[in-house]
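Line by line, the protein sequences give chains C and B.
Under the working numbering, the residues of the first sequence are numbered 1 to 408, in order.
Under the working numbering, the residues of the second sequence are numbered 409 to 715, in order.
Cβ coordinates follow ideal geometry from the N, Cα and C atoms, glycine included.
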Amino acid sequence: MKLRPFLILLAVMVLLAIPWLVSSSMLNAAIQMLIAALFAMAFSLLCGQAGMLSFGHAAYFGLGAFATVHAMNAFNGEGLLPTPLLPLAGAAVGLVSGVVAGYFSTKRTGVYFAMITLALAELLHALAPHLKGTFGGEAGISSFRMPAWGFGFGTAIEVYYLTLFWVLLAIGLLYLLMLTPLGRLALGLRENQRRLRFLGYNVHALGTLIFAISAMFSGLAGALQSLNIEAANYAELETHVSTVVLLNSFIGGVRVFLGPAIGAALMTFFGHVTSDVTRVWLLYQGIIFVLVMMFLPRGIVGELVERFSGKRPAGEGIRLSEMLPRLAGIAVAALGGVVLIELLQRVMSRDYRALAAGGQWPEITMMGLSWQPGSPLTWLVPLSALALGLALVLGVNRRAAARREATA
Amino acid sequence: MDQIFFALLNGTIYGLLLFMVSAGLTLIFGMMGVLNFAHASFYMLGAYFAYTLQPLTGFWPAIVLSPLLVAAIGVVIERYALRRVHHFGHAHELLVTFGIAVVIAELVKLFYGNYPVEYRVPTELSFAAFTLSGIDYPFYRLFMGAVAVAMFAAIYLLLTRTRVGIVVRSAIYRPAMAEALGHNVPLVFMGVFGIGAALAGLAGAVAGAFYTTNPNMALDLAVLVFVVVVVGGLGSLGGAMLASLLIGITNSLAVGVNFSLGDIFGIVGLGEWAGSVGGVMTMRLSSFAATLPFFLMLLGFWCVRRA
């Protein structure tokens, strides 16, 4: 099938047209989505392709971000490089730090490797506030995008195109990397390291190289972030950043090429859309992650690719009679769960608790309805929706299992 | 001299506390081969449950009930989450426990807010155990140490002197063989997971009152506990005990030490150069105290060869 080039072309066209399609606040979200997508792709080169789990990618993202801010401020604000080329500074610092960190951490594998990456990132995060000159202390470092090459870089549209250019370039390079022998060897590193060693490859050097490339693209993502917000803060080195990129990538699916990017873009999009409504987006993200890891181990995109690529044996296809009630059950349960969490969040908030301590239990307006926290109905309705949805899914699963048993 | 004595005593008690949390973790690690990221979350849950129960039941019932609640949560996680993903491999299990740790931390923030809660030592226990050169030593610290020692003795006797202990140990070292001999190994796994969670919960319930109880306490402790498990050797209780004490004492002594990297260079005559470099060179070691766990973690994971 020659469908893929057309799909890619279509996607690029849509991305190019986005500034005309969406509002300015959405355009900002689009920039964030692109950056998150690139960061997730860089993370997944290491975790998906090469099978090395990193809990500390915030370090390389943050270093890239700080390098770019310093490059922007260099020569009294003239900038080390013209604005469009500034991300190279972030990528370079990412690469160098990746070589160093990768050299140490890839000496160990598995859980040990994961813990070393975590320790390195946390070490940097704990040190950063003490190094005021480099990381700007509590306030961080701010900067300014200089006009270059006839562009002012004052508007979100120009920043969007700059980000889009770098993200597409980086994803293209990552794709080409997968076609090279090095990319194939990364897969080998994941599948069977011992065998690679027997074949005569230097596994440690290979691991370091993949780690460094991953850190380089993470640094690039950090650089784009700095260019976008014209500042860098040591909050970018926090555990939170490493956590979010990990959750995003695995929700999308780290073993299909664009899975992490799609996962990250979707999660960032929902995070942006719901940021006015809920303050606990990370909780939802965590719950989605755990559910995905348990029930869709290949990730959402990975599972879709698997379903529709026709690789499944006959008889294992999708049955509409099973899929529809299952989806309905999931939807009902999700609705119940979301209402429950949002109600809890509002009741447990500081303001509300202060009121409740005074003996008042004002009603809560949410989703266009008002909820009485005192009445059992408020809690029973979402709880029963959650239970009903789960029961529906379990019932369908049981019937499907019985049918498979009967046909086997 | 008294300073060092206090530092040693504090370090020992902190080490005993670390042991309470890492005991369960090391058994689970030895048994399932998975480093349970959510284990330190059990510690945090123990503290928050005790904090919630304390006004309702009083202090003593609270520190008994909260580990039981935590154990129930641990059992549910093992039975319904970890067992499901076991066949996807260890990396997958690690990720699931990581996700669970994130969810627990976020739920704690949802219910209790993203700030420390007022969980205090009960007044009947906050008195000085003894006074040395004018400094009162809180009785509660000794109490924490005593709880940990009692726990260690109980687990040790359970594992080495009872029939249940023999089955558990065999399930840890040779799960397939234990299963072939007719023992219910999944049940043993679930039980050990639950007891490990309860121990962490007990540590949280007891220590949360003395140290702070906040949503970040899990991550702060997790790092130290991982080091303990690796340095102590997988699945080895005695090793975990030694490593806990070592790390507790190191941690407590380092806070008192006050020299910088530049001073070390000063010994070999490069003091002026180091001073002119500034930055890392002139930072006092005591201001590094927050980074010490991560240094230990790096050293621990980097130096200890795979068991």
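In the structure shown, TYR422/B adopts helical secondary structure according to DSSP, grouped into three states. For chain C, the residues of the region 508-519 of chain B that bring a beta carbon within less than 7 Å of one of its beta carbons are ILE508, VAL510, VAL511, GLU514, LEU515, LEU518, PHE519, in chain order.
Boundaries of the beta strand (DSSP E) harbouring TYR545/B: 543-546, taken from the DSSP string.
Scanning its chain for C-beta atoms nearer than 7 Å, with the 5 sequence neighbours on each side dropped, one finds around ILE288/C the residues ILE251, in chain order.
LEU476/B and ALA554/B have their C-alpha atoms some 20 Å from each other. Counting other Cβ atoms within 10 Å of its Cβ, TYR581/B stays below 16 and is therefore classed as exposed. Within chain B, the residues placing a beta-carbon under 8 Å from that of LEU282/C are VAL510, GLU514, ordered along the chain. Around the Cβ of TRP20/C, a 10 Å sphere holds fewer than 16 other Cβ atoms; the residue is exposed. By the CB criterion at 9 Å, LEU282/C and VAL596/B fall outside the cutoff. Not one beta carbon of chain B lies nearer than 9 Å to the beta carbon of ALA170/C. Here LYS517/B is buried: its Cβ has 16 or more other Cβ atoms, across all protein chains shown, within 10 Å. Within the same chain, ILE251, GLY252, GLY253, GLY263, VAL292 come within 7 Å of ILE300/C by CB-CB distance, once the 5 residues on both sides are set aside.
ALA615/B is bridged by DSSP to nothing; it lacks a bridge partner.
For VAL99/C, the closest alpha carbon among the candidates ALA71/C, THR407/C, ALA59/C is that of ALA59/C. The beta carbon of ALA648/B sits closer than 7 Å to those of PHE427, SER430, ALA431, THR434, VAL636, VAL637, GLY640, all from its chain and outside the five residues before and after it, given in chain order.
Within the region 63-78 of chain C, no residue has its Cβ closer than 9 Å to any Cβ of chain B.
ASN28/C: member of the alpha helix (DSSP H) spanning 24-44, first to last residue. The beta carbon of ILE141/C is closer than 6 Å to those of VAL69, ALA232 in its chain, skipping five residues each way along the sequence. Looking at the backbone, the Cα of GLU78/C and that of ALA92/C are separated by about 19 Å. Interface flag for ILE341/C against chain B is set, since a Cβ pair is found closer than 9 Å. The continuous alpha helix (DSSP H) containing TRP281/C extends over residues 281-295. One thing to note: MET72/C has its Cβ no nearer than 9 Å to the Cβ of SER25/C.
Per DSSP, the beta bridge partners of THR621/B are VAL525/B.
Per the coordinates, the alpha-carbon of LEU45/C lies some 18 Å from the alpha-carbon of PRO297/C. Per DSSP, the continuous alpha helix (DSSP H) segment holding MET115/C begins and ends at 110-127.
For the region 164-188 of chain C, the set of positions with a beta-carbon nearer than 9 Å to some beta-carbon of chain B is empty.
Contact with chain B is found for GLU122/C, since one of that chain's Cβ atoms lies less than 9 Å from the residue's Cβ. When DSSP reads this structure, PHE151/C sits in a beta bridge with ALA148/C. Taken in chain order, the complete alpha helix (DSSP H) segments of 4 or more residues contained in the region 54-81 of chain C are 58-77. Put simply, the CB of ARG487/B is far from chain C, with every gap to its CB atoms at 9 Å or more. Per DSSP, the beta-bridge partners of THR539/B are ASP544/B. When rounded, the separation of the alpha-carbon atoms in ASN192/C and HIS495/B is 18 Å.
Nearest to GLU342/C by alpha-carbon distance, out of PHE135/C, MET294/C, THR180/C, VAL280/C, is VAL280/C. The beta carbon of LEU206/C lies closer than 7 Å to those of LEU185, LEU189 in the same chain, with the five residues before and after it left out. PHE467/B places its beta carbon 9 Å or farther from that of ALA126/C. CA-to-CA, the gap between PHE450/B and LEU490/B works out to about 15 Å.
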